[in-house]
Amino acid sequence: MMRDAVKVALPGRRSSRQLRVLEDAFPYLLILPAIIGILLVILFPIVYNAWLSFHLRRLIIPQTPFVGFMNYMRVLSDPEFWAAAWVTSIWALGSIGLNFVVGLGMALLLNLKFPGRSVFRIVFLIPWATPQIVAALNWKWLLNDQFGLINALLAQAGVLSQPVAWLADLRFALPMVILINVWKNYGFEMMAFLAALQSIPPVLYEAGSIDGASAVQRFRYITLPLLRPIILVLIILRSIWSINSFDMVYVLTAGGPANATQLTSLYIFKTAFERGMFSSSATASMLIFVVVLGLALLFMRVSARQGATHAT
Amino acid sequence: MLPSAYGFRRRLGRLVLLYAVLTVLAAVVLLPFYWMAVSSFRQPEALFSSKPSLWLSKPVLVHYAHVLRRTPFIVQFQNSAIVALFTTLACILAGSFAGYSLSRFRFTGKFTFSIVIFLAMMFPATVVLIPMFLVFRTLKLLNTYAGLIIAYATFALPFCTWMMKGFFDSIPMELEEAAIVDGCSRAGAMFRITLPLAAPGVAATAMFGFLLAWNEYLFALTLTTSESMRTLPVGLTLFSGEYYTNYGALMAASLMVCVPVLVFFLYTNKYMIQGLTAGAVKG
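Just so you know, the sequences run in chain order A and B. So that you can map any letter, position 129 of the first sequence is 129 in the numbering used here, and since no number is skipped, the others follow by simple counting. Adding 1000 to a residue's 1-based position in the second sequence gives its number in the numbering used here.
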């Protein structure tokens, strides 16, 4: 991953001292706008957020006294926070597992050779390219309890005797938002698996067939081991993205019914913007941040190791 | 092995089975889009029925007329377009410069910069949300295009930089060296030789920045409060009233939000996929 570029030699050019300085500064000049932006808009807020978590800040009161770990005590003793953490765990595990299975299945299917393959590849990527909010509103309409298509189809098929309010029912709301999330996102896993599958040399499968390996055995002993690096990367990325996601669930259920789908991201948002408790919200987001940071560092180590083995 | 009639039939049978499976899957995957289109053209009376017909009998345009005439859709479309356009521009410029720098040079601090950019790709948006809201309020950036553009461009940048670095890495250094030997300046070599060759990367970066700005919801919701500054994703969610949602109009508006994105995607998906797999997956 962090393969150092070969230093560009600059031969055959008269270089005065000034020019030399300018050329030394060139890489910094190029990276400057991006770094300034990231420092100001991402890193500074994170630091500010950390500061907030140790102070008391309310929407209308100007004073922000230092309160030590009080905010942390408050958040960690809030059952709603733990409930949200639990919901987020299920949401993340469900999303990781299903995206993985669906993505890999679709990739294996689309890796077969058949006419029209490229058309199907694009078709199956369409949900992934759709705006989150459009997808969420669309599904909300499909799952509408009175006029939705899903209930009508299920009733027609004789599966349902009476309409179900999928997104307002304690039993179905969380599984449903997970399924919708998978519908929206499996395309990424599919794409990544396809790219990985295509880089496996066909010779390996031929050798396997000659040695008498069945299709299942070839998958188990050739495909799967070779996909291992990408599997690891996808699992870590998907867990980070699941923890970070907000839009889909907020639009579908706003955390309801009775907080059954309230992710930590929704908890953080509501604590700040509905209850005006900025410090508690900042504290909760610091806790989540630590988890994500851990996953991100893990991701970095994993992909650095792969970079070392795959590079050149 | 000689191809026998039996083998041919078997292969044909398999192909038919495969197409059947793919068609069923495609139908499931595309059902929401079909239903969105059908609902947006359906007569209002037929829309709210407990036994909706799967087929569209008499298409009408009332929902589109309603969205365009009676809702702030056009203003929101304008807002989204302006914000997305400038975000894209900023991503292309800053992203390709930074990506080039990381790909081509060895300099002090490079490792730190790489880590910062890499981690910035992963942080949860909610961590930045509150501080950004408070800072933007102080700086009077709430309810401005500038505020949204700054936020979006910065969020897209880490990924764009990463993606561009991947594209630059795949372009041989020798081309630039040759140009420099021939008397081209260092910056000239970058602008005239490498940047044009990285055009697919620029396309992928542009698409990523555009989509992020066009689709983003959480920050648009938080950083804009006035009706006239709303972007499309927020606007769409405002169709839902407390007791009643005009789903016909909502689906018409959703379709109009969705179509530019999908058309754009159909044309650039090759670069986008290349960029995503190079940037995110190979690391």
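Using N, Cα and C, we set each Cβ at its ideal position, and we do this for glycine too.
Rounded to whole angstroms, L1236/B and V292/A show a C-alpha spacing of 30 Å. Of all C-beta pairs linking the segment 1104-1121 of chain B to the segment 1224-1231 of chain B, fewer than three are shorter than 8 Å, placing the two stretches out of contact.
Residues of chain A with a Cβ closer than 9 Å to the Cβ of K1051/B are, in chain order, A152, A155, Q156.
Counting only residues of its own chain and dropping the five nearest sequence neighbours on each side, T271/A has a CB closer than 7 Å to the CB of M277, S280, S281, A284. Taking the Cα positions, L1022/B is about 14 Å away from G1013/B.
DSSP places M277/A within a strand segment (E or B) once states are collapsed to three. Not flagged as an interface residue toward chain A: F1191/B, since no C-beta distance is shorter than 8 Å. Using a Cβ-Cβ cut-off of 9 Å, V292/A is close to M1122, F1123, P1124, V1127 of chain B, given in chain order.
Taking a Cβ-Cβ cut-off of 7 Å, the neighbours of S1101/B in chain A comprise P27, L30, I31, given in sequence order.
Remark: C-beta atoms of L1018/B and L197/A do not approach each other more closely than 8 Å. With at least 16 other beta carbons inside 10 angstroms of its own, V233/A counts as buried. Not a single C-beta of chain B is nearer than 8 Å to the C-beta of Y72/A. The C-beta of G1095/B comes closer than 8 Å to at least one C-beta of chain A.
Residue contact check for Y48/A against chain B: a CB pair falls below 8 Å. Residue state for R1106/B is assigned as coil, using DSSP reduced to three classes.
If you draw a straight line from the Cα of F269/A to the Cα of W139/A, it is about 23 Å long. M1132/B has a beta carbon lying within less than 8 Å of a beta carbon in chain A. Each residue's CA atom was taken as its position, placing F100/A and V1067/B some 39 Å apart. Judged by DSSP in its simplified three-state form, S1240/B adopts strand. Cβ proximity to chain A below 9 Å picks out M1132, F1133, L1134, V1135, I1150, A1151, A1153, T1154, F1155 from the segment 1132-1155 of chain B.
Here G294/A is exposed, its C-beta having fewer than 16 other C-beta atoms within 10 Å.
When C-beta distances to chain A are compared with 7 Å, the residues of the segment 1231-1260 of chain B below that value are P1233, L1236, T1237, Y1247, L1250, M1251, S1254, V1257, C1258, in chain order. Distance from the CA atom of V182/A to the CA atom of F172/A, rounded to whole angstroms, is 15 Å. Within the same chain, and ignoring the five residues on either side of A1120/B in sequence, the residues whose Cβ sits closer than 6 Å to its Cβ are P1158.
Look at F1033/B here: in three-state DSSP terms it is helix. If you draw a straight line from the Cα of A1179/B to the Cα of I1193/B, it is about 8 Å long. Collapsing the DSSP output to three states places F44/A in a helix. Under DSSP, R58/A takes part in a beta bridge, and its partners are M277/A. Distance check between I60/A and each of F1107/B, R1137/B, Q1078/B places R1137/B closest, using alpha-carbon atoms only. Per DSSP, reduced to three states, the secondary structure at F66/A is strand.
Nearest to L1221/B by alpha-carbon distance, out of M1132/B, L1255/B, L1139/B, is M1132/B.
Secondary structure of T1112/B (DSSP, three-state): helix. Rounded to the nearest whole angstrom, the C-alpha separation of S303/A and A1020/B is 38 Å. Taking 8 Å as the threshold, the shortest C-beta distance from I1092/B to chain A does not fall below it. Secondary structure of T283/A (DSSP, three-state): helix. Annotation for M1190/B: no alpha helix (DSSP H) segment contains it, and DSSP assigns it neither H nor E.
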